[in-house]
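K.L.:
Just so you know, we're using our numbering here: the sequence shown kicks off at 131 and counts up by one.
Below you will find the structure I want to go over with you.
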Amino acid sequence: PVMALAPQQDEVVLDMAAAPGGKTTYIGQLMRNSGTLFANDLRKDRCKALVANVHRLGLTNVVVTNLDGKKLSKMLPRLDRVLLDAPCTGSGIIARDPSVKVKRGQKDFEGHSRLQKELLTAAIDMVDAGSKTGGYIVYSTCSVAVEENEAVVDHALKTRNVELVSFTSAVNFGVEGLSKYRERRFHPSLNLSRRYYPHVHNMDGFFVAKLKKTSNKVPERIKKDRSKVEDKVWGEEHWTSDFMDSVVDFEEKNGDSTAKKKKNLNARDRKKQRREELLKARGFEQKYPPKPADSEAKEENKEPAAAKGKKAKVKAKKKRSLEDVAPAKEAAKEAPPKKLRKVKKAAKPGE
């Protein structure tokens, strides 16, 4: 997250959840001990480790505060950059701490997601959009849950004038963030965020997103979520006297009529009808339009065309011979029977 933040010298930077100080001291190193670096943490006992690390590395531009991150906007000046490594459920560090699987439940994910949205909104409000060198917010978690990552950033995109920016110039590895997950649909620019998986990158599960503030104005209305289409509800304001007195006729749906027809057909006809519908849907009838019944009857009455090939000629010859033999047989049946002559047998010698 610090590499994605890319702090510059002589800037005013805030680390909202700084303890125990690893990220803070790295930011101070990149700033070359210049400018002002605010390091805040809510827990007083963790601030001791933060102060110790700052002294150990000899940073003199750090101001450590022990305040609620949601109330910092009333106490600090406008900032150039903010790093929010938000408190999370820790589902990305299960490899190091398997007890997370037992400790966390559905309510923990929902509660952390709500807190993260509030902290990210506060971080955006503290940044100055008119900063010459900054105006950036980096949001990161050590979780792989969608509720704590993409859902939080998507909420910020709807409620504040910010946009996601790429940070591949500083961090050139990672998997793209999710723009859709199961029934959820997020802003398409979330593919600029990055996910890091233990089984892929050989490190803790992590999520990083970099936001650029475009305006200091807070939108009066939340941007409409067009990913979900809700049914229109007609309230009582639409119940006018003209509407209530009018008669509305509903046409029978095509689906219902076809269903009734199908019930009257037998299995063979239904199969034939289904095949016709399939061919019609594929546009088969447009290429090869069906021939009318009259033309088919005429073709049947016509004599077959001259056959091609030896086999076809033999078949045609047999057919002609059969046609010639048939009338001869019928004539033989109709002819009167011939009278037979009696032949006298010759007497045998000795009779």
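We put the CB at the ideal spot given by N, CA and C, even for glycine.
Return the chain-ordered list of same chain residues with a C-beta closer than 7 Å to the C-beta of Asp-198, the five sequence neighbours on each side being excluded.
P.N.:
Leu-172
K.L.:
Looking at Val-292 and Arg-211, is the spacing between their C-beta atoms short of 8 Å?
P.N.:
No.
K.L.:
Looking at the unbroken beta strand (DSSP E) that takes in Thr-195, where does it start and where does it end?
P.N.:
192-195
K.L.:
Report the three-state DSSP secondary structure of Asn-279 (helix, strand or coil).
P.N.:
coil
K.L.:
For the beta strand (DSSP E) holding Lys-402, just list the boundary residues, first then last.
P.N.:
Not the beta strand (DSSP E): Lys-402 falls in the alpha helix (DSSP H), residues 397-411.
K.L.:
Within 10 angstroms of the Cβ of Met-146, are there 16 or more other Cβ atoms? Answer buried if so, exposed if not.
P.N.:
buried
K.L.:
On a CA-only basis, which of Ile-157, Arg-325, Phe-297, Met-374 is nearest Gln-138? Give me that one, please.
P.N.:
Ile-157
K.L.:
Sort Val-192, Lys-445, Pro-150 by Cα distance to Asp-175 and report the nearest one.
P.N.:
Pro-150
K.L.:
So, using beta-carbon positions, are Val-268 and Pro-131 closer together than 8 Å?
P.N.:
The answer is yes: Cβ separation under 8 Å.
K.L.:
Does the region 185-197 touch the region 243-258, meaning 3 or more C-beta pairs lie closer than 8 Å?
P.N.:
no
K.L.:
Check the DSSP bridge columns for Thr-271 and list the partner residues they point to.
P.N.:
Answer is Phe-337, bridged to Thr-271.
K.L.:
Take Asp-238 and list the residues in its own chain whose beta-carbon comes closer than 6 Å to its own, dropping the five residues that flank it on each side.
P.N.:
Thr-219
K.L.:
Grouping DSSP H, G and I as helix and E and B as strand, with all else coil, what is Lys-347?
P.N.:
DSSP places Lys-347 in coil when its eight states are reduced to three.
K.L.:
Between Val-193 and the rest of its own chain, which residues show a CB-CB distance below 6 Å, the 5 nearest in sequence each way excluded?
P.N.:
Phe-168
K.L.:
Comparing alpha-carbon positions, which option in Arg-351, Ser-229, Leu-320, Ser-345 lies nearest Gly-307?
P.N.:
Leu-320
K.L.:
Who pairs with Phe-168 in a beta bridge, going by DSSP?
P.N.:
DSSP output for Phe-168 lists Leu-144, Val-193 as bridge partner(s).
K.L.:
Rounded to the nearest angstrom, what separates Ala-437 and Lys-445 at their Cα positions?
P.N.:
With a pLDDT of 42 at Ala-437, under the threshold of 50, the modelled position of that residue is not reliable, and the figure given next carries that caveat. Ala-437 and Lys-445: Cα-Cα distance of roughly 9 Å.
K.L.:
Check for me: the beta strand (DSSP E) holding Leu-135 runs from which residue to which?
P.N.:
Per DSSP, Leu-135 belongs to no beta strand (DSSP E); it is in the alpha helix (DSSP H), 132-135.
K.L.:
Report back the beta-carbon spacing between Tyr-327 and Val-276 to the nearest angstrom; my notes put them in contact at under 8 Å.
P.N.:
The Cβ separation is near 14 Å, so there is no contact.
K.L.:
Mapping DSSP to helix, strand and coil, what is Leu-209?
P.N.:
strand
K.L.:
With a 10 Å radius around its C-beta and 16 neighbouring C-beta atoms as the bar for buried, classify Val-282 as buried or exposed.
P.N.:
With 16 or more Cβ atoms within 10 Å of its Cβ, Val-282 is classed as buried.
K.L.:
Provide the residue span of the alpha helix (DSSP H) that contains Val-330, from first to last.
P.N.:
328-331
K.L.:
Please go through the same chain and pick out, in chain order, the residues whose beta-carbon is closer than 6 Å to the beta-carbon of Arg-324, but skip the five residues on each side of it.
P.N.:
Close CB contacts of Arg-324 within its chain, under the 6 Å cut and outside five residues either way in sequence, are with Gly-304, Val-338 (chain order).
K.L.:
Measure the C-alpha to C-alpha separation of Ala-411 and Asn-396 and round it to an integer number of angstroms.
P.N.:
22 Å
K.L.:
Since Ala-287 and His-317 are thought to touch, with beta carbons under 8 Å apart, how far apart are those beta carbons, to the nearest angstrom?
P.N.:
The amino acid occupying residue 287 in the given sequence is Leu; Ala does not appear at that position. About 5 Å; that satisfies the 8 Å criterion.
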